[in-house]
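Protein chains in written order, with the UniProt record's numbering: chain G, 1 to 210; chain V, 1 to 210.
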DNA sequence: GAGCCACGGATTGCTCACAATCTTGTGCAC
DNA sequence: GTGCACAAGATTGTGAGCAATCCGTGGCTC
């Protein structure tokens, strides 16, 4: 969005935080990060400002930035917000998706089915992300897409866990199938309802693990 | 969030844009803004980075920032996103609001009623904002509140004021009354539904104006 | 030993200067 | 007059440096 150098540093920092390499609450010293990323401090600085603005990092005056800690309560909030926004995209996808997009969504679902049959839960998790992404893309709702992306950036850690809850995967697949069927059947109300149903179960799974 | 100076510049720029004093698509030259706000260019710069991150401003490399133009289609998207998020807050407010908060919400509604009776549509519009704010506060949902605030900031105030659509105000009041009654009656489902109903009408009014 | 104060190191916030890049205006060819 | 090359001006992007502030340490008082 700004300069390539800053964009790059921003993405890399985001990914370091996202992957857990920079732990929650860890102090982010500008000079250290500058050396680590091999860029100047000014670039790290503006990247941190951007990360702060989208809630991945918290700033305290004269004390710099820390990786934001997401409490369980906040994780639930984030999931609730995602739920209503993704329900909106599901609704819109049902109304707007092209035949090609629907085919892509079906392919993503089939991929998940295969991974689940193979017992590959991590692969299933990737397929899950791909399916949600395909639905969001088909909705062509820039605003919702942007907000969801921001929320996901704060959540990944938890997302990995909920997929792995024992016995959850088969239910998850059924829920996703309902969503896809509703979209393919061009039924916005059903699509929205199915997506909300799905994410409320994710929320329940998350709450149960506390 | 960062330093007081940057925070202040950020807020002031945001307000200048929101109020329409800085017009959509207007070029934002750092040096000019620095002089206008009586702060250094560096401060303006980081304020602009923050505004860029929350979509109020767009950056192009080596060409600086411009006030983002919100097309009618985008305005609809923003409203849709707000609708589902505010519906979430209405639901939560119905579940969580204290008696004191409900009293405040009722007061806000009564204020709107008065303004409408006086024929003061701009006052009614302010009351409308106050009521929504009271509901959001009562929901105690930080994440939703943050997202909604961001979305509201992207609309230039005067550009999309649907309250002024002829004949809309009385309907609007009835819709708000339904929302408040549902919250006061501790009925989350009804509150969510009433809020969505209300905002879908706002969306319809907005679409009609194109 | 506990508490308080001062001091030094570490880190951020900001200014300034300059290089990189874009934009505008001018002159020239045709 | 039109279009293009090119230089001059304007504006942003970045790096280095310094002052302000915070944190931890050690010494002093009691």
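Ideal Cβ positions, reconstructed from N, Cα and C, are used throughout, including at glycine.
**Asked** Quick one: what's residue 60 (chain G) bridged to in DSSP?
**Response** Working through the first chain from its first residue, we reach residue 60 (chain G) at position 60. By DSSP's assignment, residue 60 (chain G) forms a beta bridge with G:64.
**Prompt:** What residues match up with residue 27 (chain V) in a beta bridge as DSSP calls it?
**Reply:** Locating residue 27 (chain V) in the second chain gives position 27, where the first residue counts as 1. DSSP lists V:66 as partners of residue 27 (chain V).
**Request:** Compare the beta carbon distance of residue 90 (chain G) and residue 43 (chain G) with 7 Å and say whether it is the shorter of the two.
**Result:** For the purposes of this step, residue 90 (chain G) is taken as residue 90 along the first chain, with counting starting at 1. For the purposes of this step, residue 43 (chain G) is taken as residue 43 along the first chain, with counting starting at 1. No. Outside cutoff.
**Asked** Where does the unbroken alpha helix (DSSP H) through residue 82 (chain G) begin, and where does it stop?
**Response** Position 82 of the first chain, counted from the first residue, corresponds to residue 82 (chain G). Segment 72-96, the alpha helix (DSSP H) holding residue 82 (chain G).
**Prompt:** Any idea what DSSP makes of residue 15 (chain V), helix, strand or coil?
**Reply:** As a first step, residue 15 (chain V) must be located in the second chain, where it is residue number 15. Of the three classes helix, strand and coil, the one that applies to residue 15 (chain V) here is helix, per DSSP.
**Rounded distance between the beta-carbons of residue 183 (chain V) and residue 129 (chain V), thought under 8 Å** = The residue you call residue 129 (chain V) lines up with position 129 of the second chain. The residue you call residue 183 (chain V) lines up with position 183 of the second chain. Contact flag wrong, Cβ pair sits at about 17 Å.
**Message:** In whole angstroms, give me the CA-to-CA distance for residue 93 (chain G) and residue 188 (chain G).
**Reply:** Here residue 93 (chain G) refers to the residue found at position 93 of the first chain. Here residue 188 (chain G) refers to the residue found at position 188 of the first chain. Each residue's alpha carbon lies about 8 Å from the other.
**Request:** Assess, as a yes-or-no matter, whether the region 188-205 of chain V is touched by the region 77-91 of chain V under the definition of 3 or more beta carbon pairs within less than 8 Å.
**Result:** Contact between the region 77-91 of chain V and the region 188-205 of chain V is established, with three or more Cβ pairs separated by less than 8 Å.
**Request:** Using a threshold of 7 Å, state whether the C-beta atoms of residue 148 (chain V) and residue 82 (chain V) are closer than that.
**Result:** Here residue 148 (chain V) refers to the residue found at position 148 when the second chain is read from its first residue. Here residue 82 (chain V) refers to the residue found at position 82 when the second chain is read from its first residue. Cβ distance < 7 Å, so residue 148 (chain V) and residue 82 (chain V) count as in contact.
**Request:** Answer yes or no: does any C-beta atom of chain V fall closer than 7 Å to that of residue 165 (chain G)?
**Result:** Locating residue 165 (chain G) in the first chain gives position 165, where the first residue counts as 1. Answer no: the Cβ-Cβ gap between residue 165 (chain G) and chain V never drops below 7 Å.
**Item:** Range covered by the alpha helix (DSSP H) that runs through residue 122 (chain G)
**Value:** Residue 122 (chain G) sits at position 122 when you count from the first residue of the first chain. Judged by DSSP secondary structure, residue 122 (chain G) falls within the alpha helix (DSSP H) whose first and last residues are 121-139.
**Members of the region 180-194 of chain V that neighbour chain G once the beta carbon cut-off is set at 7 Å** = Against chain G - using a Cβ distance shorter than 7 Å - the region 180-194 of chain V contributes no residues.
**Request:** Since I believe residue 131 (chain V) is in contact with residue 105 (chain V) (beta carbons under 8 Å), could you give me their beta-carbon distance rounded to a whole number of angstroms?
**Result:** Here the question's residue 105 (chain V) lines up with position 105 in the second chain. Here the question's residue 131 (chain V) lines up with position 131 in the second chain. About 7 Å separates the beta carbon of residue 105 (chain V) from that of residue 131 (chain V), a gap short enough to meet the 8 Å contact definition.
**Closest by C-alpha distance to residue 30 (chain V), when choosing among V:23, V:20, V:38, V:45** = Sequence index remark: in the second chain, residue 30 (chain V) carries index 30 (1-based). That would be V:45, whose Cα lies nearest to the Cα of residue 30 (chain V).
**Message:** Measuring only the C-alpha atoms, how far is residue 40 (chain G) from residue 37 (chain V)?
**Reply:** Position 40 of the first chain, counting from 1, holds the residue named residue 40 (chain G). Position 37 of the second chain, counting from 1, holds the residue named residue 37 (chain V). Approximately 28 Å between the Cα atoms of the pair.
**Request:** Provide the residue span of the alpha helix (DSSP H) that contains residue 100 (chain V), from first to last.
**Result:** As a working note, residue 100 (chain V) is residue 100 in the second chain. Note, residue 100 (chain V): alpha helix (DSSP H), 99-117.
**Prompt:** Are residue 69 (chain V) and residue 24 (chain V) closer than 7 Å when you measure CB to CB?
**Reply:** Mapped onto the second chain, residue 69 (chain V) falls at position 69. Mapped onto the second chain, residue 24 (chain V) falls at position 24. Against a cut-off of 7 Å, the Cβ pair of residue 24 (chain V) and residue 69 (chain V) comes out as a contact.
**Message:** In whole angstroms, give me the CA-to-CA distance for residue 169 (chain G) and residue 181 (chain G).
**Reply:** Here residue 169 (chain G) refers to the residue found at position 169 when the first chain is read from its first residue. Here residue 181 (chain G) refers to the residue found at position 181 when the first chain is read from its first residue. Rounded to whole angstroms, residue 169 (chain G) and residue 181 (chain G) show a C-alpha spacing of 18 Å.
**Request:** Using the Cα positions of residue 203 (chain G) and residue 141 (chain V), report the straight-line distance between them to the nearest angstrom.
**Result:** As a first step, residue 203 (chain G) must be located in the first chain, where it is residue number 203. As a first step, residue 141 (chain V) must be located in the second chain, where it is residue number 141. Straight-line Cα distance between these residues: approximately 15 Å.
**Request:** Report buried or exposed for residue 119 (chain G), applying the criterion of at least 16 other Cβ atoms within 10 angstroms of its Cβ.
**Result:** In the first chain, counting from the first residue as 1, residue 119 (chain G) sits at position 119. Flag for residue 119 (chain G) reads exposed.
**Request:** Measuring only between beta-carbons, confirm whether residue 79 (chain G) sits less than 7 Å from chain V.
**Result:** Taking the first chain and counting its residues from 1, the one referred to as residue 79 (chain G) is at position 79. No Cβ of chain V is located within less than 7 Å of the beta carbon of residue 79 (chain G).
**Prompt:** Closest by CA to residue 171 (chain V), which one among V:113, V:33, V:150?
**Reply:** By one-based count along the second chain, residue 171 (chain V) stands at place 171. Nearest to residue 171 (chain V) by alpha-carbon distance, out of V:113, V:33, V:150, is V:113.
**Prompt:** With DSSP run on the structure shown, which of helix, strand or coil describes residue 212 (chain G)?
**Reply:** As displayed, chain G neither begins before 1 nor continues past 210, which places residue 212 (chain G) out of reach and without an answer.
**Request:** Could you list which residues in chain V have their beta carbon closer than 8 Å to that of residue 144 (chain G), in chain order?
**Result:** Stepping through the first chain from its first residue, residue 144 (chain G) is reached at position 144. Residues of chain V whose Cβ lies closer than 8 Å to the Cβ of residue 144 (chain G) are, in chain order, 77, 80, 81.
**Request:** Determine, using beta carbons only, whether residue 6 (chain V) and residue 65 (chain V) come nearer to each other than 7 Å.
**Result:** Counted from its first residue, the second chain places residue 6 (chain V) at position 6. Counted from its first residue, the second chain places residue 65 (chain V) at position 65. Going by beta carbons, residue 6 (chain V) and residue 65 (chain V) fall outside the 7 Å limit.
**Item:** The alpha helix (DSSP H) enclosing residue 150 (chain V), as first and last residue numbers
**Value:** In the second chain, the residue the question calls residue 150 (chain V) occupies position 150. Its alpha helix (DSSP H) spans residues 142-154.
**Request:** Check whether the Cβ atoms of residue 32 (chain V) and residue 150 (chain V) lie closer than 7 Å to each other.
**Result:** Within the second chain, numbered from 1, the residue matching residue 32 (chain V) stands at position 32. Within the second chain, numbered from 1, the residue matching residue 150 (chain V) stands at position 150. Result no, Cβ atoms of residue 32 (chain V) and residue 150 (chain V) do not sit closer than 7 Å.
**Distance between residue 62 (chain G) and residue 135 (chain G) (C-alpha atoms, nearest Å)** = One-based indexing of the first chain puts residue 135 (chain G) at position 135. One-based indexing of the first chain puts residue 62 (chain G) at position 62. Using only the alpha carbons, I get a separation of about 43 Å.
**Prompt:** Taking the alpha-carbon positions, what's the residue 200 (chain G) to residue 207 (chain G) distance?
**Reply:** On the first chain, residue 200 (chain G) is found 200 positions in, with the first residue counted as 1. On the first chain, residue 207 (chain G) is found 207 positions in, with the first residue counted as 1. In this structure, the CA atom of residue 200 (chain G) is about 10 Å from the CA atom of residue 207 (chain G).
**Message:** Helix, strand or coil, according to DSSP, for residue 21 (chain V) in the structure here?
**Reply:** On the second chain, residue 21 (chain V) is found 21 positions in, with the first residue counted as 1. The answer is coil: DSSP assigns residue 21 (chain V) none of H, G, I, E or B.
**Message:** Please tell me whether residue 50 (chain V) has its Cβ less than 7 Å away from any Cβ of chain G.
**Reply:** For the purposes of this step, residue 50 (chain V) is taken as residue 50 along the second chain, with counting starting at 1. Cβ-Cβ to chain G under 7 Å: yes for residue 50 (chain V).
**Buried versus exposed, by CB contacts within 10 Å (16 or more), residue 50 (chain V)** = Position 50 of the second chain holds residue 50 (chain V). So residue 50 (chain V) ends up on the buried side.
**Asked** If we cut at 7 Å on Cβ distances, does residue 147 (chain G) have a partner in chain V?
**Response** Here residue 147 (chain G) is taken as the residue at index 147 of the first chain, counted from 1. With 7 Å as the cut-off, residue 147 (chain G) counts as an interface residue toward chain V.
**Asked** Any beta-carbon of chain V closer than 7 Å to the one on residue 71 (chain G)?
**Response** Here residue 71 (chain G) is taken as the residue at index 71 of the first chain, counted from 1. So no, residue 71 (chain G) is outside the interface.
**Message:** Under 7 Å, Cβ to Cβ, is there at least one residue of chain G near residue 132 (chain V)?
**Reply:** Position 132 of the second chain, counted from the start, is the residue given in the question as residue 132 (chain V). No - not a single Cβ of chain G is within 7 Å of the one on residue 132 (chain V).
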